[in-house]
Structures are given as structure tokens and as C-alpha cells.
Amino acid sequence: MFTRFRAVVVAVVAVLLGGVVVVLHSGVAPAQQDDPPPPQRIAYAGTEHRGIGQFPAPQNGYPTNAPSPPLLPDRPAHFDDEVSARGGLVVFVSMRAEKLPQVFLRQRDGSVVQLTEGMYACHPQLTPDLGTVVFQQVRGDGSGELWAVDVDGTNLRRITPEGADPEEWPTISPDGLRVAFSAGGQIRSRPLAGGPSTQLTDEPGGGAGEPVWHPTEDRIVYKVGAGRARLRVLEDGASRDFFAENQAGWNGRWPVWMPDGQGLLFISCGCLEEDPREGVYRVAGDGGEPVGAAPQLLLREDRQVSAPAWIGDPLTGTLLIARTTASVRNEVRLQDIQPDGTDPRDLGIALALEHPDIASDSRLLFKPTGGYDPWTLRQTYSPDGRKIVYTAFEGPLGSRLQRIWTANADGSDPVRLNVSDRLPTDWEFDPAWSPNGEQIAITRRSPGGIRPDNGPSRIAVVDASTGQVLRELVAPPGAEDQEDTQPAWSPDGRTLSFTRGVVFDDETGTEVRDNHIWTADAATLGNQRDISEIVCGAASPCEVTDDSSVFSPDSGDLVFNREQDALISFDLDRETCRVLVPQGSTQCGAPVVNGSGPFQPRDAAFSPEGGRLVVSTRRGAASEQPETLALVDFVDGGLSESRVNYALPGRQKEPSWRITVDLAVRAPSSTPEVTTGRGVEIPVVVANNGPGVSSTTTLTVVPPEGVRVDELRTPQGTCDVAELACQLGVLQPDQEVTVVVVVTGVTAGRREIAWGVAGGVVDPEVADNSARTVVPVVDAQTSTTAPPTTTVPPATTTPPSSPPPPPPPPPPAPPQAGPALAVAVRPNPSYVGGRASVVYTVRNGGGANATGLRLELALPRGIPVAALPPGCSATACALRDLPPGGTQALTVVLAPVAPGQGTARGVVRTTGSDDNAADNAATAQLRVLLPRIVAVPPIGEPGFVTSVRGLDFPPGVPVRLTWKPGITATAAPTLPRPDGSFIAQLLILPKDQTGPRVITASGDGFRPATTPFLVVPGTIGPPDMVNRR
1 MFTRFRAVVV AVVAVLLGGV VVVLHSGVAP AQQDDPPPPQ RIAYAGTEHR GIGQFPAPQN
61 GYPTNAPSPP LLPDRPAHFD DEVSARGGLV VFVSMRAEKL PQVFLRQRDG SVVQLTEGMY
121 ACHPQLTPDL GTVVFQQVRG DGSGELWAVD VDGTNLRRIT PEGADPEEWP TISPDGLRVA
181 FSAGGQIRSR PLAGGPSTQL TDEPGGGAGE PVWHPTEDRI VYKVGAGRAR LRVLEDGASR
241 DFFAENQAGW NGRWPVWMPD GQGLLFISCG CLEEDPREGV YRVAGDGGEP VGAAPQLLLR
301 EDRQVSAPAW IGDPLTGTLL IARTTASVRN EVRLQDIQPD GTDPRDLGIA LALEHPDIAS
361 DSRLLFKPTG GYDPWTLRQT YSPDGRKIVY TAFEGPLGSR LQRIWTANAD GSDPVRLNVS
421 DRLPTDWEFD PAWSPNGEQI AITRRSPGGI RPDNGPSRIA VVDASTGQVL RELVAPPGAE
481 DQEDTQPAWS PDGRTLSFTR GVVFDDETGT EVRDNHIWTA DAATLGNQRD ISEIVCGAAS
541 PCEVTDDSSV FSPDSGDLVF NREQDALISF DLDRETCRVL VPQGSTQCGA PVVNGSGPFQ
601 PRDAAFSPEG GRLVVSTRRG AASEQPETLA LVDFVDGGLS ESRVNYALPG RQKEPSWRIT
661 VDLAVRAPSS TPEVTTGRGV EIPVVVANNG PGVSSTTTLT VVPPEGVRVD ELRTPQGTCD
721 VAELACQLGV LQPDQEVTVV VVVTGVTAGR REIAWGVAGG VVDPEVADNS ARTVVPVVDA
781 QTSTTAPPTT TVPPATTTPP SSPPPPPPPP PPAPPQAGPA LAVAVRPNPS YVGGRASVVY
841 TVRNGGGANA TGLRLELALP RGIPVAALPP GCSATACALR DLPPGGTQAL TVVLAPVAPG
901 QGTARGVVRT TGSDDNAADN AATAQLRVLL PRIVAVPPIG EPGFVTSVRG LDFPPGVPVR
961 LTWKPGITAT AAPTLPRPDG SFIAQLLILP KDQTGPRVIT ASGDGFRPAT TPFLVVPGTI
1021 GPPDMVNRR
């Protein structure tokens, strides 16, 4: 169903008799371009994200159980690693700017600058003069070579000669002239400026690595061996053990000298202690003699640690450490990344505690022991991309509960979703947001737990804001014993897909999963269909395991994974299937095993434009291999990117692609003059600027009093003049549709029509979702010719002598923002049965950007809300930042049901500057009228003409009079006067039936008005006098 194209659909504009045509060329009046939207991101559940911690020297001494807080204040936390420090400067590698690690420098003032681009850097080290950073560059084959760059980011140069054997782990001599490194299992060195290398060690078994040069002495400490490595010292051409015999049992790695050279930091499991976790130790001494003092434990966390460093005074300074960002090493966190692999981030939300032995036993992934959590995790972005819904385990081991939460897309402001009929032991998981953001489909298990100690899983749809259960999925006869999981919405909101099946152990104890993909109507959860059965076709019985379905952005295809190693796409319209992965396979009716990979591609999520999918797939064939993220080409099949980020450690599963749609509307700013009673055609362009597919697209028209909309014409979808809206259906990225709107002038004045566009997938960039067109309406007899003007030349005078120049003014104060609010109601008065639009316009009249804007609404009481702007609730809207002179208009559509009066109020609030808080609040009065009619007289006989009088009708809107029962004589519609009144006549046909009937006055934008009428038989008078019939 996916097609890549740029389509411009333009309606043929014909000249309306007696009207005017306004032509809008494709290049005229483009929407103002704001800053580019933020990069797309993919959220996932992940492990082993890394960051830099700091640990100031505690007042009460070491060790302490306090965790190391982050050195850098970024939230969410970027992927930073391998830190080192010298002279108050800190260098590290990070993936915050590119998909592979680059060298960054943290300066003394705390600012961070990027030093390299396009490299794969690790282990950066500052030279003693603090002018250069030497680092290891990872080659394409995984081996290393040495490079250097100046601290201002210039003079990038190679140290290792082209084609030389691998060289790793640089360290700089005290005089800054040589660099030592590990190569071929020994420590070697060469001039920093380049030249031949010299072997320094001669370890019999090799294995020498991680050298560190003393800051003032010609002495190098290094490690030998893997695993329980021991530390050695190289001095005067000879090597010896670092520790004396009484401390010879210590192992260590990643040695780093203290700034004064009078102590050594290193990482060790503390083999003389009972705790097997690695910690950071410090031992006194300069290494000139074997060290007999016991090392001091500085920091031990349940994290994966590396790269200790020190800044500041040796006694009172701060320990730096590269470590995993999760609070414990087996904690699963909510993370995200850009689709090109750039900037993986930890969003700061704990999701689960996986079993510590999961790396050696894949069965622990979904059936952990010891009270740990299964990987039944899922996270989904809200339609506007601003929020994310996710599942998280909570509580102590052995009594864990799984709950559903929502948070902002950056992980801030997490809020638990309180499902209304939750039982204390329920587990809730698999959340999926509806396209309009108002509902969430969930799976719940009661009681919760790990099979077989759990209840059956069922799907429910809940209110996204309150947690109220709205409806539940009920299995059809014959499927009552099966479990339903993994709901997914179609982007058009019409269909819900899900997984249905059973999971059990066979006679050998092996877990067997018999799952199919099903669909149901989203509104009713009825009309359930077994899609897997249709895909299998003639292959019966359909003995496959399918799960984790997802709809394409245009709702036309359903993609799901097939055990063991396939990804299937099913065309819902044509009911045909194709195999996306493995590429070239055509087997839709049976299980698929692909020995060459990719291995177990699953958990697919579509890109916004629909051309790619992100999946999780194992790194290798073995079931213990952790999952990583890969990209699938939806058009041609196969993997377009086998790894989103090759440098990312840990496990990454259950991805969700942040889908956003930037809809826009363009219209001419004004039309030529229109005389009353005549029409004008206005072309209104609705555009989808992408990157996603707009599954449902609606154009709304808000005309003011004084004009009426007579016709809406569109080449795509349908329009309804009574509703003042066009349903344009699916808009692909870069597609445009031109709707021609025919507007007639009713009363003279400057009339401003508002246009708005919205979609089923909420648009986070709402600044271009509205436009306005001024229609100047004049009476037919009014002349627009301006009288001639006479130019009077200025009088010639002799200028007076110039006074001395004034002193220079003081420098101006920094400009401030000036957010202000205006509220208008259109039309006003409004009418029962019609629509009233409350337009909130926020304008920045100051000289600086208005930031942190939020609009608080107070709508008239008792009037139902028909439509809210995207991203708004009934009480508040989040606004984008406004540049000086920028505006943003939001329209709330009301549906009056009773006459009366009310007040629409609003307050705009800001976290930034404001030069005048007095204009932040505004109100507008709303009056709602109920059109009514009366017949004068309310009785008559056939042939009689009664008078129908109307009050409180929309001025200029045609009113059609009918009655029932009876026959309505053909007559032109009546046009109410500017005060909303009219007097019309209605003929009782001579042969029409007698008895009671009802007169109805109907038209656009108001509820039909009625009044009773009685038709009585004619009477006969004196002889020769007969009433005319």
C-alpha cells in the first residue's frame, strides 16, 4: 500500500456566474518557516547506557553507599563514556552528536565542546601542556590506531603510520614528547610527533595493556592478563609487580595516576573482600617501590564501571567514573535514539529488573526466576509525539506489579495511569495510544504473574486521561480459552489489531506458543477476524506463531513477525501477503527459519513516511545473543540497516518510532471587493509537510457574520457546507489538496474568514494549522473610487541654528518578550444547532522570543465542545515559542444546544520574560440565539396565504419554509434581515388536505424552527357568494 510520491491535487476553478475568482499559485504566500522540527526519535527499552558520574570527597571518609550523581546536567542523559582529566579539563567520548563516539572537552567553566567529527574515538588523553588530546581511533576491522587533535578542535592528525599494526590505549610521557600504547600484547612507545615505535616490555605471555605514564616520573603502570589481571610497573627498562607480596592477591584494571603522582586509582573486584562487585580503589605510593599498603575503596556501586579519573586537590577533589546510568546493572530503562543511530539517551525511567543471569540463559528473558521481571515491556509515543506511554514494574522482588505510566517524550513528569477497575494483583502492559490521543488500549492479566502462576490476559480500552475502562474485547465462541495481548491501533482509528493464542509447555518442558494475529473494529471491538488464517490461505491447519502487529501509516497494511525469523506484511484491502524479511522468501503459510539471519526480527514500528520499519533483532543466531535495533525497507524488503548503532552495548527491544505530521493550510490574505449578494471563489490549500502520513485530514471553515459559505469543492474526499468542513482522507507526505470555497457577501464590512486543518494524528507544529482571508464586502451602490488629492508643497523656512548635541543615551535594556492574548467569538451571536468558534490569538509584541507559553482556557458553561485544537484539553493548551511579532491562533469549536449568554476567558502564561502582564488575559462575550417562527394567523383554509414571521435567524442565511403534512408550494428561500427577522408567505394549495400541520424553517448553521398551523375546510356564504378557491 505504500507509495512514495509528491502529489499536488488542484481543483478546477470555474468562473462562478456573477462572482469573482481568486487564484492562489503554488509559490504564493508560503507559510512562514519556523525553526526545523526536532529530529525524529525511536524509543525503546534498553540496558547498559553509559554516562559519567562524579563523587566528591565525602566529609566522613570512604567508602560510602551513596551513588555517583551525573557530572553533566543534561536531561535526558546522553551516551558519554571513557572519561579522563588533567589540569581541571575533562575529556571523554560521546555519541551525542554522531552515531559513533567522538571526542568532547568539558572546559573549566562547565561548557562542553566537540573536538572530532566522523571518527570512532575512545580512550582520550590530554597532554601535559593541556593543548592536545591523543585518542584511539577504531578501524573498520575493529582494531585501533592513534590520532591527536588540538583542544580547539583543529589540527586533527594521525600518529600511527598508515598500514601499521594495531595500536591502542595511548598515554603521554611527563615531558609530552612521547606516547606509549599497547600493541601485540606488549607496551610500546613512539614520538608524539610521529616516528618509529620502540618496544618497552617483554611479558612472556603477552597480554600487556592499559598503560598509564606517571605524571612526573618516567614510570608506566600497566595490566597483564584478562579477567583477574594484575598490575605491573615498567621503569628503567624492567618490569615488576606493582603490589608487594603482602598485597599480591589484588587484581586490577584501568590504572590512573592521581594528579600529584602520589597515588594510583584502579578498578578491582576487591578480591581480598567478599563483595564480588567491581569498585574504584586508591592506593598510596608513587610506584617507585612495590606497594605494601592496602588499597582504599572509594566507590562501589552495583553498576558496570570503567575509566576512573580525578579533578581537583588529591585530598578534597572529585572522583570521576564512567558507569552505566541505571541505578543497578540489571535495570532496564526507557531510552531513545535518532533513526540514524545518533544520540542514544537515557530518559531516566526504570522499567524492569531483568534476571542477572539472562546473558547465559535466554529462557530468563520471559520466564525469570527469583522474583525478577519478564521482558513484557512496551512503549508507544502519543500521536503528537509529545508524550510516551510505557509499562514499568514496581515493588520489592517477589511481589512486583506491572503498571502503565505516561510521561513527556523526554522522560519528565511521569504519571501512573489509574485503571478504574484495577484489582490489587493485576498486571497491566502492552499500552497503545489511539490516533486521536484520547484512548489507550491495554492488556491486563488478573492476577498478574509469570506463567503458570497467573490469570488470563485480556484487552481493554481506557480513557487516556482518567483510566476509565470504556470497553473490553470479548473472544468469540471457541476462543474463550485463548489469551489476547499486544493491541495496536490503525492510524485512521477504525481498527484494532491484536495477538490471540495460547502458550504452554510440551511433554519435554519446552515452551510452545500458538499465536495468531486478529483484528476488530476499534469502536465496538466486534467483527473479529483471524488475519493469520487468511494469510496462511490453503495451508491448513495454520500452525504458525505470529505476534507483535503494527499498521502502516496509511492503515492499508498490517506487519507482524512470524516465528522464527520472518516479518510478514498483509495488504488489508487486497488480502495479499509478502515476506519482508528474509528478503526473497515467499513462504506466507508456514513458519520461517533463516539460518543466515537476520535472527528473530520482531516488534516492528513504522517510520513516519511509511517507507521503513525499525525492529529488534538478535545480534547472532544463539538465543542468548542480546537484541539490537535494525531498519527494514518496507518497499523492497530486507534490512536497510542491520544495526542502527554498532557501538551501542546492551539490549534494545520494543522500539516505537515517533510519528509526527505537520499539516498546514494556506489561503490568500484577502480577496477583491465583493458586493452584497455576489460571490467569490477562494482556493484554500491543505498540505501535509510530513514526515508522517496524515491518515485523516479535516479542513474547517469559520465564516464571520456578514458572509455565508455557499459551496465547498474538493478533488479528494467530501465536503459538507452545513458542517463547514471537508473530510480529505489520507494525505501522503508532501501532498497538497486545493479546496475551492464559494463565499457570498451578505452585509457590508471587512469580513475575515478563518481556515483550520487537523488530522487524526495530532500535529505538534500548530503554527501553520490556521490561516485567514479578508473578504471586503460593499453595498452594490457604494463607490470605491477615492476622491482626487491635492499635494501641498511644504513651506520653505530658514532652519534655526542647531543646538549642541545631547549626551548619548544610556544603552538600551535587554529586550523582553511581550506575550498578549486576544479572544474573539465567531459568529456572534451564534445559534442553537450551529457552531460557534472561540478564537484565542496569542501574539508576541516584545523584542525577544516568548518561551514556555501555556494557554489556560475557561469556556462558557453549559455549551458542549465540538472540537478542540490539537494538543489542547478543555482547560489548557501548550503553545510553541513565539519570535518577536509572531502569533499563534487556536480555535475551539462549540456546539450550542440552548439559547443564552456566556463568557469565553483565557490567560496566557509564560516562564520567560514579559514586558506587560496586564495583556495576558482576555475575555469575549458569547450570545446564543434560538431561531423561532410564528404563523399569522395560525389557521387558514385551502387557498389561503399565511404569513410566517421569523426572529433571531442568522442574517443573510437562506431560510427554507416547508410544512408537514401537506404540500409546500415552490418558493425561493427567504433571506433574514440584518436584525435576524423576516416575513414570508406560505400558500395552502387549494386541493391540499385539512387538519393540523407543522411549519418548519430550516437552513445552514441553526436548528430548524417550527410552529403549529391548522388547515380548516372552506365555508359557503349567502347564495351566489362562494369563496374563491
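For reference, each letter of the sequence shown is one residue, going 1 to 1029 in UniProt numbering. Even glycine gets a Cβ: it sits at the ideal position worked out from N, Cα and C.
Whole angstroms are fine: how far does the CA of residue j sit from the CA of residue i?
i, j, result
"ARG574", "SER552", "15 angstroms"
"SER497", "THR700", "31 angstroms"
"ALA621", "GLN564", "11 angstroms"
"VAL90", "PRO73", "15 angstroms"
"THR154", "ARG188", "27 angstroms"
"ALA352", "VAL737", "47 angstroms"
"ALA359", "PRO626", "8 angstroms"
"ALA464", "GLU117", "43 angstroms"
"residue 1033", "ALA248", "Nothing in the structure corresponds to residue 1033, since the chain is present only between 1 and 1029."
"THR127", "GLY195", "18 angstroms"
"ARG713", "ASN688", "19 angstroms"
"VAL632", "SER616", "10 angstroms"
"GLY18", "LEU868", "Any reading at GLY18 needs caution, since the residue's pLDDT is 36, under 50, leaving its predicted position unreliable; the model's value is listed next. For GLY18 and LEU868, the distance between alpha carbons rounds to 37 angstroms."
"GLY852", "ASP915", "15 angstroms"
"SER327", "LEU100", "25 angstroms"
"VAL221", "PRO259", "15 angstroms"
Pick helix, strand or coil for residue i, following the three-state DSSP scheme.
i, result
"VAL419", "coil"
"VAL203", "Strictly speaking, residue 203 in this sequence is Glu, with Val absent from that position. Coil at GLU203, not helix or strand."
"VAL832", "coil"
"CYS872", "strand"
"ILE988", "coil"
"THR797", "Here the model assigns THR797 a pLDDT of 46, short of 50, so the residue's position is not dependable, and the following value carries that caveat. If DSSP states are grouped into helix, strand and coil, THR797 belongs with coil."
"GLU480", "coil"
"VAL959", "strand"
"GLU752", "strand"
"LEU364", "helix"
"VAL721", "coil"
"ILE534", "helix"
"GLN247", "helix"
"ASP919", "helix"
"VAL766", "helix"
"LEU470", "strand"
"GLY650", "coil"
"SER783", "Any answer about SER783 is weak, because its pLDDT of 45 lies below 50 and its placement is not dependable; what the coordinates show is given next. Coil at SER783, not helix or strand."
"GLN925", "strand"
Got a sec? Which residues, its chain only, sit under 8 angstroms from residue i by beta carbon, not counting five neighbours each side?
i, result
"GLY690", "PRO608, GLU609, VAL661, ASP662, PRO733, ASP734"
"ARG997", "TRP963, LYS964, PRO965, GLY966, PRO1012, PHE1013, LEU1014, VAL1015"
Since residue i contacts residue j with CB under 8 angstroms, what's their CB separation in whole angstroms?
i, j, result
"GLN486", "ASP547", "6 angstroms"
"GLU162", "SER182", "Rounded, the Cβ-Cβ distance is 20 angstroms, inconsistent with contact."
"GLY176", "GLY207", "The pair is not a contact, with the Cβ atoms about 28 angstroms apart (cut-off 8 angstroms)."
Excluding the five sequence neighbours on either side, which residues of its own chain have a C-beta within less than 6 angstroms of the C-beta of residue i, listed in chain order?
i, result
"LEU987", "VAL945, ALA969"
"ARG751", "PRO704, GLY706, VAL707, VAL775, VAL777"
With a threshold of 7 angstroms on Cβ separation, who are the neighbours of residue i within its own chain once the five nearest residues in sequence on each side are excluded?
i, result
"LEU951", "ARG932, GLY980, SER981"
"ALA45", "VAL332, LEU334, LEU351, LEU377, GLN379, LYS653, GLU654"
"LYS387", "THR406, ALA407, ASN408, ALA409"
"VAL278", "In the sequence on display, residue 278 carries Glu and not Val. Counting only Cβ-Cβ distances below 7 angstroms, and skipping sequence neighbours, we find ILE267, SER268, CYS269, VAL305."
Give a single yes or no on whether residue i has its beta carbon closer than 7 angstroms to a heavy atom of the ligand ATP.
i, result
"THR676", "As far as ligands go, the structure on display features none, and thus does not contain the ligand ATP."
Hey, does residue i have any beta-carbon neighbour from chain B nearer than 8 angstroms?
i, result
"ASP152", "Although the question refers to chain B, the structure presented lacks it and comprises just one protein chain."
Exercise. Evaluate the contact criterion for the stretch 665-672 versus the stretch 50-69: three or more CB pairs, one atom per stretch, below 8 angstroms.
Key: no
Quiz item: Pairing CB atoms from the stretch 927-945 with CB atoms from the stretch 876-886, are three or more of them under 8 angstroms?
Solution: no
Quiz item: Does the stretch 415-427 touch the stretch 678-695, meaning 3 or more C-beta pairs lie closer than 8 angstroms?
Solution: Per the Cβ contact rule, the stretch 678-695 is not in contact with the stretch 415-427 (fewer than 3 Cβ pairs under 8 angstroms).
Quiz item: For the 8 angstroms Cβ check, are there 3 or more pairs between the stretch 338-353 and the stretch 301-321?
Solution: No: fewer than three Cβ pairs fall under 8 angstroms.
Quiz item: Is the stretch 529-539 touching the stretch 576-593, taking contact as three or more C-beta pairs under 8 angstroms?
Solution: yes
Quiz item: Touching or not, the stretch 891-911 and the stretch 920-931, by the rule of three or more beta carbon pairs under 8 angstroms?
Solution: yes
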